[in-house]
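Numbering (the numbering used here), first residue to last: 1 to 328.
Virtual Cβ for every residue (Gly too), placed ideally from N, Cα, C.
First comes the structure, then the notes that go with it.
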């Protein structure tokens with residue numbers, strides 16, 4: 001099983017080629033990888049030899065030593081394919097002790113704990129884990145310094161404006177360009193800078209208003225897409241906060257679950273639904289594995305998904321569900 005960024009088509013091609021070379025079949029697992037692989041093959045950016053690719057639903061029917069699964073979840077995302085595979089929660093892919101899981105992506109700062117939890121779940125199944133800290137199996141998805149030099153020497157641009165990265169990285173890129181070609185005019189620009197090109201050449205000429213400014217009542221500030229989506233949920237069907245208390249070591253339910261609502265219309269029908277929720281939460285915990293119950297991120301996501309499905313099926317309502325899990 002190889003976890004990677006779904007957008008890295010070139011790495012996907014390397015894995016497909018290696019699988020074909022060693023007489024293995026390839027299964028794409030996870031929506032992002034499946035969708036990107038399909039589009040890339042249609043546009044001829046990804047070439048999979050005939051007979052090499054199989055559906056993820058066919059993985060369980062093949063000997064594990066004959067299959068390579070390319071999946072999402074390299075950053076420990078709770079609902080990504082690898083996170084579900086790691087706790088035996090995936091419909092088609094199950095890990096065995098003689099399997100190997102490869103993390104073909106570097107840790108994005110802030111994701112270390114989530115990735116560590118997934119690795120722990122994988123390790124409990126006796127599966128070998130390989131990542132960049134153990135073997136040199138991964139390089140950055142961004143171009144190396146020598147590759148940047150090669151591009152600059154081939155293109156020989158009159159003007160060069162580095163764009164991607166923090167300012168310190170832009171400055172380093174600019175110095176590389178200046179060393180490669182003294183004939184290239186290098187310009188460093190930040191958000192809002194006006195880069196002007198005319199008959200006299202190119203220059204950074206002043207500033208322009210930049211960024212999003214959304215008005216929130218009497219306050220100003222950046223309101224992202226997630227905030228807007230959550231507010232639509234709140235405006236439509238309100239907020240439901242299930243509060244669950246579990247044992248830190250055992251993950252068992254320690255107290256009767258509580259339910260707090262805000263903006264959720266209470267009538268005879270919805271009150272009856274709310275009375276069913278403690279039992280539903282208890283059933284959710286009972287049906288979860290020990291690993292799920294003792295992993296706050298996984299159990300919160302499981303509770304959220306189960307409750308949203310419950311409201312949708314029983315009432316057609318779509319409240320915003322924010323689980324609170326307290327460990328004692």
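- Cβ neighbours of residue 131 within its own chain (closer than 6 Å, five residues either side excluded): 103.
- Scanning the region 38-64 from its first residue to its last, no whole beta strand (DSSP E) run of 3-plus residues comes out.
- In the DSSP annotation of this structure, the continuous segment of the alpha helix (DSSP H) that includes residue 315 starts and ends at 296-315.
- Under the three-state reduction of DSSP, residue 230 is assigned to helix.
- Closest by C-alpha distance to residue 134, out of 14, 101, 285, is 101.
- For residue 325, same chain residues with a beta-carbon under 7 Å away, outside a window of 5 residues either side, are 244, 246, 296, 299, 300 in chain order.
- A check of alpha carbon separations from residue 209 across 230, 39, 286, 190 identifies 190 as the nearest.
- Counting C-beta atoms within 10 angstroms of its own C-beta, residue 152 has 16 or more neighbours from the protein chains shown and is therefore classed as buried.
- In the DSSP secondary-structure assignment, residue 242 is bridged to 259.
- Contact between the region 160-177 and the region 120-131 is absent: fewer than 3 CB-CB pairs across the two stretches fall below 8 Å.
- Selection 327, 280, 236 evaluated against residue 309 yields 280 as nearest (Cα-Cα).
- Per DSSP, residue 12 is one residue of the alpha helix (DSSP H) stretching across 9-21.
- 239 is the residue among 252, 239, 275, 257 whose C-alpha sits nearest the C-alpha of residue 264.
- Under DSSP, residue 203 takes part in a beta bridge, and its partners are 196.
- By the neighbour-count definition (other C-beta atoms within 10 Å, threshold 16), residue 302 is a buried residue.
- In the assembly as shown, residue 36 is a buried residue. Its beta-carbon has 16 or more other beta-carbons within 10 Å.
- Residue 144 is classed as exposed because its beta carbon has fewer than 16 other beta carbons within 10 Å across all chains shown.
- Annotated three-state conformation of residue 270 is helix, per DSSP.
- Here residue 234 has 263, 320 as same chain residues with Cβ atoms under 7 Å from its own Cβ, once five neighbours each way along the sequence are excluded.
- Going by DSSP, residue 29 is part of the beta strand (DSSP E) stretching over 25-29.
- In this structure, residue 92 lies away from residue 62, with their beta-carbon atoms at least 8 Å apart.
- Distance from residue 97 to residue 126 at the Cβ level is roughly 4 Å; contact confirmed, criterion being Cβ atoms closer than 8 Å.
- Nearest C-alpha to residue 41 among 58, 64, 9, 67: 9.
- Contact annotation: residue 12 and residue 70 have beta-carbon atoms nearer than 8 Å.
- Within the same chain, 187, 188, 189, 193, 194, 195, 196 come within 8 Å of residue 204 by CB-CB distance, once the 5 residues on both sides are set aside.
- Residue pairing by DSSP places residue 285 in no beta bridge whatsoever.
- Residue range 128-130 is occupied by the beta strand (DSSP E) that includes residue 130.
- Taking 8 Å as the cut-off, the beta carbon of residue 230 is found no closer than this to the beta carbon of residue 318.
- The three-state reading of DSSP puts residue 326 in strand, counting E and B together.
- Close CB contacts of residue 7 within its chain, under the 7 Å cut and outside five residues either way in sequence, are with 36 (chain order).
- For residue 87, no alpha helix (DSSP H) run applies, since DSSP gives it neither H nor E.
- When the Cα atoms are used, residue 49 and residue 3 turn out to be separated by approximately 21 Å.
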